[in-house]
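Here's the structure, in structure tokens; my notes come after.
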Ligand SMILES: Cc1cc2nc3c(=O)[nH]c(=O)nc-3n(C[C@H](O)[C@H](O)[C@H](O)COP(=O)(O)OP(=O)(O)OC[C@H]3O[C@@H](n4cnc5c(N)ncnc54)[C@H](O)[C@@H]3O)c2cc1C
Ligand code: SF4
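Residue numbers (this note's numbering): 1 to 330.
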């Protein structure tokens, strides 16, 4: 194993300074992904800046009714928090659909967003992978790709983004707060992860040295229906083959607001903007849901062995939309 330094900063500024002064450094959250990748030799950091004990572990309501989740809040604590369970059930459900209880106790909000793809070629140093080694090729494109993307992929990379939480954050219009050498900024969660294009080595819009400090959920009334549903190969401890997060508000018999995102089908959580536009102003009928979801999924370009994901994602979305609007349709 390559030796590395270990640093435990006491503040956000100390963390970003430590990163800047140590080339090849990585921030360490719960370590449930980074340390695995170090063991595989995929990650070889010169230093680990342990941010898991920074004072960023609060879930708090802000004066405007939004909810700020610190980057070191553990996945289990976030899923169980009363504010999250009441106002953002899709987020709580997405977290509980991920990994295992033990992993969720360790995993942090920031680390969850930045976990790397589970593409087996990415994790195997003997295989070509443009994400791990730009220019080496994509082993999955013509190889084993049953779990890979059907939307937004390129010939350079067909991987999917693995986080369940991130799909819910995209549908819920959350924002990601960052602190880095250039100061502080906030980006929409739906635009935080990238499509692969020509540069699959870049998963997100984060700049080198930037630290995730928080995720902010917009103000929502308690009881606004939202939900997350995930299909996987076994009932727990498995990544999504396809998933859906949705939030829907029906007022006076028509859809007044819709946020819809797919997981397990693209290099980033796939915010279904075309479907949302089609739903707005429509009566919440099965026919309207089918029309909207089909419109979105016309963009799908399945690979040789993963066409099953399109009807799977469709079925999940129709089920979630129907369940969320059941009382309005009764
Ligand atoms: C067997 C197994 C099954 C799993 N199943 C699922 C699943 O079904 N669904 C799912 O969503 N996840 C699943 N996971 C993944 C798990 O959720 C992630 O490993 C975890 O969320 C990562 O969080 P962490 O804090 O441990 O991140 P770390 O491993 O510490 O870090 C991950 C990345 O984030 C960076 N980082 C960490 N914190 C910050 C920060 N504040 N700012 C900037 N960069 C930061 C690190 O440098 C690293 O690049 C599974 C993991 C395992 C091992
Ligand atoms: S799909 Fe992406 S991560 Fe997987 S081998 Fe191809 S380039 Fe690498």
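Glycine included, each C-beta is placed from N, C-alpha and C at the ideal position.
Going by alpha carbons, who is nearest to residue i out of the options?
{"i": "residue 96", "options": "62, 165 and 69", "result": "165"}
{"i": "residue 253", "options": "229, 280 and 323", "result": "280"}
{"i": "residue 162", "options": "213, 112, 198 and 153", "result": "112"}
{"i": "residue 14", "options": "70, 322 and 27", "result": "27"}
{"i": "residue 67", "options": "313, 82, 74 and 55", "result": "82"}
{"i": "residue 283", "options": "151, 249, 298 and 302", "result": "249"}
{"i": "residue 260", "options": "238, 295, 233 and 239", "result": "295"}
{"i": "residue 298", "options": "150, 31, 36 and 6", "result": "150"}
{"i": "residue 215", "options": "69, 12 and 56", "result": "69"}
{"i": "residue 246", "options": "225, 231, 301 and 180", "result": "225"}
{"i": "residue 191", "options": "206, 182, 201 and 198", "result": "206"}
{"i": "residue 65", "options": "217, 326 and 322", "result": "217"}
{"i": "residue 321", "options": "199, 135 and 291", "result": "291"}
{"i": "residue 76", "options": "288, 106 and 48", "result": "106"}
{"i": "residue 61", "options": "34, 86 and 41", "result": "86"}
{"i": "residue 55", "options": "12, 32 and 92", "result": "12"}
Is residue i a contact residue of ligand 1, with contact defined as CB to any heavy atom under 7 Å?
{"i": "residue 331", "result": "Residue 331 lies beyond the range of the chain shown here (1 to 330); nothing can be said about it."}
{"i": "residue 112", "result": "yes"}
{"i": "residue 351", "result": "Coverage of the chain is limited to positions 1 through 330, which leaves residue 351 absent and any answer about it impossible."}
{"i": "residue 165", "result": "yes"}
{"i": "residue 162", "result": "yes"}
{"i": "residue 239", "result": "yes"}
{"i": "residue 27", "result": "yes"}
{"i": "residue 36", "result": "yes"}
Would you mind sorting residue i into buried or exposed? The rule is 16 or more other CB atoms within 10 Å of its CB.
{"i": "residue 72", "result": "buried"}
{"i": "residue 21", "result": "exposed"}
{"i": "residue 125", "result": "exposed"}
{"i": "residue 251", "result": "exposed"}
{"i": "residue 102", "result": "exposed"}
{"i": "residue 44", "result": "exposed"}
{"i": "residue 278", "result": "buried"}
{"i": "residue 304", "result": "exposed"}
{"i": "residue 39", "result": "exposed"}
{"i": "residue 266", "result": "buried"}
{"i": "residue 263", "result": "buried"}
{"i": "residue 244", "result": "buried"}
{"i": "residue 52", "result": "buried"}
{"i": "residue 88", "result": "buried"}
{"i": "residue 58", "result": "exposed"}
{"i": "residue 167", "result": "buried"}
Answer yes or no: the CB of residue i versus the heavy atoms of ligand 2, is any distance below 7 Å?
{"i": "residue 200", "result": "yes"}
{"i": "residue 266", "result": "no"}
{"i": "residue 132", "result": "yes"}
{"i": "residue 279", "result": "no"}
{"i": "residue 139", "result": "yes"}
{"i": "residue 148", "result": "yes"}
{"i": "residue 159", "result": "yes"}
{"i": "residue 117", "result": "yes"}
{"i": "residue 88", "result": "no"}
In terms of residue numbering, what span does the alpha helix (DSSP H) encompassing residue i cover?
{"i": "residue 107", "result": "Segment: none, residue 107 is in no alpha helix (DSSP H) and carries neither H nor E."}
{"i": "residue 84", "result": "82-87"}
{"i": "residue 36", "result": "34-40"}
{"i": "residue 12", "result": "12-21"}
Going by DSSP, what residue range makes up the beta strand (DSSP E) through residue i?
{"i": "residue 59", "result": "59-61"}
{"i": "residue 226", "result": "226-231"}
{"i": "residue 27", "result": "25-28"}
{"i": "residue 47", "result": "47-50"}
{"i": "residue 70", "result": "67-70"}
{"i": "residue 5", "result": "5-7"}
Check your understanding: Which runs of the beta strand (DSSP E), 3 residues or longer, sit entirely within the region 150-222?
Key -> 175-180, 183-188 and 211-217
**Study point:** Inside the region 251-329 only - beta strand (DSSP E) runs reaching at least 3 residues
**Key:** 254-263
Review point. What are the uninterrupted segments assigned as alpha helix (DSSP H) that are 4 or more residues long and contained completely in the region 98-149, given in chain order?
Key: 101-106 and 109-113
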